[in-house]
Amino acid sequence: MKRFSLLLLSLSLLATACKKDPSKPDPSLEGRWNSRSTTGYNYNAAGQLLSQDSIADVSFYMVITPDSLNYYDIMNGNSWGRHKYSRQGNTLQYSRAKCTITKLSEHTLSLRFQDVDRVPNTPYSEWEDNYSR
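Residues 15 to 147 in the working numbering are what the sequence shown spells out, letter by letter.
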């Protein structure tokens, strides 16, 4: 009986420890995001990864508002462009660009861009931009 009680106590503690804190909201996409790196992915026509290259890129930052993405030069603050966007789940679309939010936390954001000009049965590339705040 003691083992059974201990098992029930352990299971109840485990269940309460695994619950998501309801008072903590999901991280916000909105705000300023500083560019950190870009990773390029090259695939063959069958979709197999051929190469992956990462480079540090701290040349710009992005400000996301409820309806637009705004890119700015880190050195002088000049705008690189403002784009109205739409969001469906983890997919953002603006102008001709389409990307997936692959990581979103309080301090990190990763956007994976698809090749919108991809021709079926040909090699293609994708890239992922990584940000912090």
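Virtual Cβ for every residue (Gly too), placed ideally from N, Cα, C.
Is the distance from the Cβ of Lys112 to the Cβ of Val130 below 8 Å?
-> The residue you call residue 112 lines up with position 98 of the sequence shown. The residue you call residue 130 lines up with position 116 of the sequence shown. Contact: yes.
If you count every other CB in all the chains shown that lies within 10 Å of the CB of Ile69, and 16 or more means buried, which is it?
-> Against the sequence shown, residue 69 aligns to sequence position 55. Looking at its Cβ environment, which holds fewer than 16 other Cβ atoms inside 10 Å, Ile69 is exposed.
Given Thr136 as reference, the closest of Asn48, Pro39, Leu63 once Cα atoms are compared | Taking the first residue of the sequence shown as 1, we reach residue 136 at position 122. Here the closest residue by C-alpha is Leu63.
Host beta strand (DSSP E) of Tyr138 (start-end) = For the purposes of this step, residue 138 is identified with residue 124 of the sequence shown, where counting begins at 1. The continuous beta strand (DSSP E) containing Tyr138 extends over residues 138–146.
What residues are listed by DSSP as bridge partners for Asn48?
-> To locate residue 48, count along the sequence shown from 1; it is residue 34. For Asn48, which the question treats as bridged, DSSP gives the partners Tyr75, Ser146.
When you compare each of Trp141, Ser119, Tyr138, Glu140 to Arg147 by their alpha carbons, which one comes out closest?
-> Taking the first residue of the sequence shown as position 1, residue 147 is located at position 133. Selection Trp141, Ser119, Tyr138, Glu140 evaluated against Arg147 yields Ser119 as nearest (Cα-Cα).
Trp94 classed as buried or exposed, judged by whether at least 16 other C-beta atoms fall within 10 angstroms | Counted from its first residue, the sequence shown places residue 94 at position 80. Counting Cβ neighbours within 10 Å, Trp94 comes out exposed, since fewer than 16 surround it.
Which same chain residues, not among the five before or five after His121, have their C-beta less than 7 Å away from its C-beta?
-> By one-based count along the sequence shown, residue 121 stands at place 107. Once the five neighbours on either side are set aside, the close Cβ partners of His121 are Ser146, Arg147.
Which of the three DSSP states, helix, strand or coil, is assigned to Ile115?
-> Looking up residue 115 in the sequence shown gives position 101. Of the three classes helix, strand and coil, the one that applies to Ile115 here is strand, per DSSP.
Close-in-space but distant-in-sequence residues of the same chain around Pro41 (CB under 6 Å, 5 per side omitted) | For this step, residue 41 is matched to residue 27 along the sequence shown. Closer than 6 Å at Cβ, skipping near neighbours: Leu118, Ser119, Glu120.
For Lys98, which of helix, strand or coil comes out of DSSP?
-> The sequence position of residue 98 within the sequence shown is 84, counting from 1. Note: Lys98 maps to strand in three-state DSSP.
How would you write the range of the beta strand (DSSP E) that Ser13 sits in, first residue to last?
-> The requested residue 13 does not occur in the structure, where the chain is confined to residues 15 to 147.
Gln128, enclosing beta strand (DSSP E) - first and last residue = Taking the sequence shown and counting its residues from 1, one reaches residue 128 at position 114. Premise fails: Gln128 is in no beta strand (DSSP E) and is neither H nor E.
Taking 7 Å as the line, does the beta carbon of Asn144 fall inside it for any heavy atom of the ligand NAP?
-> Summarising the ligand content, the structure contains no ligands, and the ligand NAP is consequently not present.
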